[in-house]
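Reviewing the structure listed below.
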Amino acid sequence: MAKIGFIGTGIMGKPMAQNLQNAGHTLFFSEHFDKAPADLLGDNGIALANPREVAQEAEFIIVMVPDTPQVEDVLFRADGVAEGVGAGKVVIDMSSISPTATKTFAEKIKATGAAYLDAPVSGGEVGAKAATLSIMVGGCPNAFERALPLFQAMGKNITRVGGNGDGQTAKVANQIIVALNIQAVAEALLFAAKNGADPAKVREALMGGFAGSKILEVHGERMIKGTFDPGFRISLHQKDLNLALAGAKELSLNLPNTANAQQVFSTCAAIGGSNWDHSALIKGLEHMANFNIRGE
Numbered sequence: 415m416a417k418i419g420f421i422g423t424g425i426m427g428k429p430m431a432q433n434l435q436n437a438g439h440t441l442f443f444s445e446h447f448d449k450a451p452a453d454l455l456g457d458n459g460i461a462l463a464n465p466r467e468v469a470q471e472a473e474f475i476i477v478m479v480p481d482t483p484q485v486e487d488v489l490f491r492a493d494g495v496a497e498g499v500g501a502g503k504v505v506i507d508m509s510s511i512s513p514t515a516t517k518t519f520a521e522k523i524k525a526t527g528a529a530y531l532d533a534p535v536s537g538g539e540v541g542a543k544a545a546t547l548s549i550m551v552g553g554c555p556n557a558f559e560r561a562l563p564l565f566q567a568m569g570k571n572i573t574r575v576g577g578n579g580d581g582q583t584a585k586v587a588n589q590i591i592v593a594l595n596i597q598a599v600a601e602a603l604l605f606a607a608k609n610g611a612d613p614a615k616v617r618e619a620l621m622g623g624f625a626g627s628k629i630l631e632v633h634g635e636r637m638i639k640g641t642f643d644p645g646f647r648i649s650l651h652q653k654d655l656n657l658a659l660a661g662a663k664e665l666s667l668n669l670p671n672t673a674n675a676q677q678v679f680s681t682c683a684a685i686g687g688s689n690w691d692h693s694a695l696i697k698g699l700e701h702m703a704n705f706n707i708r709g710e
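For what it's worth, the numbering used here labels the leading residue of the sequence shown as 415, then goes sequentially.
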């Protein structure tokens, strides 16, 4: 069983930490920002003052925070992870952040003698709780093999994509696909309802055909029922699409549909929906159409 530092116990991080504890690992939590959740503390959950102390105690240090600046802060602040790591330790960033920044962070951590893996996840809160996350990993094969039992306690589809930064690149690609699928489902249900059909029945019919998908199954139901409590917030998906569009600019690529989905998310944010679940993209389309599929 491993000693694991775990920094970031939000909607995704907390159940991921619980699954590691359920697998028998001992976790160390940093209280530099918030108090560690009380139900994670005990014989295999120990609260420490800052990321440096966590890194000193742990063999593996997992970071699961919202965005690139938070990862940089946790790693390189005065009492950060970089101050407590060295040879034999593995830093694992499971946040979704900039692939370019990831490569810089990896080099700085590796200069301490520690290994670095970028390992963002997909599957949302449901996957985090069920330990069925897809985990996309960038980093050296040896560090990946050492960390694999940890990943297996949190996820099912675990792939080493390549070197540092490649895991984050895969996650950005994932978020493009998810956003465009959410938009496709939302547009289809909006079209059906506006044309007088029952969107729930249309969804049921489509589930058995080539249009069937996990997005149609899970988020289509959310759209019909209007249950938009966040599993993954619109603001976080906007952040991920910003990474995609910024990367596309660096690569001289045009991603027109990604840009369009971002505009619809921006409409949601403008009407107060930054913290809605990303399936609420349909509310942006409904706002523009002045029509609601739920009859609200």
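We put the CB at the ideal spot given by N, CA and C, even for glycine.
Short of 7 Å from the beta carbon of Pro613, and not among the five residues preceding or following it, lie these beta carbons of its own chain, in chain order: Leu603, Ala606, Ala607, Ile638 and Ile707.
For Met550, the pairing in a beta bridge is given by DSSP as Thr573. Uninterrupted beta strand (DSSP E) stretches at least 3 residues long and entirely within the segment 417-441 occur at 417-421, given in chain order. The Cβ atoms of Leu655 and Thr672 lie closer than 7 Å to each other. For Arg708, the secondary structure class from DSSP, reduced to helix, strand or coil, is coil. Taking 7 Å as the cut-off, the Cβ atoms of Asn458 and Ser444 do not count as close. Classified as exposed, Thr518 has fewer than 16 neighbouring CB atoms from the shown chains inside 10 Å of its CB.
Within the same chain, Cβ atoms closer than 6 Å to the Cβ of Val586 are found at Leu657 and Ala658, the five residues on either side in sequence being excluded.
Around the beta-carbon of Gln677, fewer than 16 other beta-carbon atoms lie within 10 Å, marking it exposed. The Cβ atoms of Ile476 and Ile511 do not sit closer than 7 Å to each other.
If you ignore the 5 residues before and after Leu669, its C-beta comes within less than 8 Å of the C-beta of Ile590, Ala658, Leu659 and Ala662, all in its own chain and listed in chain order. With distances taken between CA atoms, Met568 lies nearest to Val540 out of Val540, Ser666 and Thr516.
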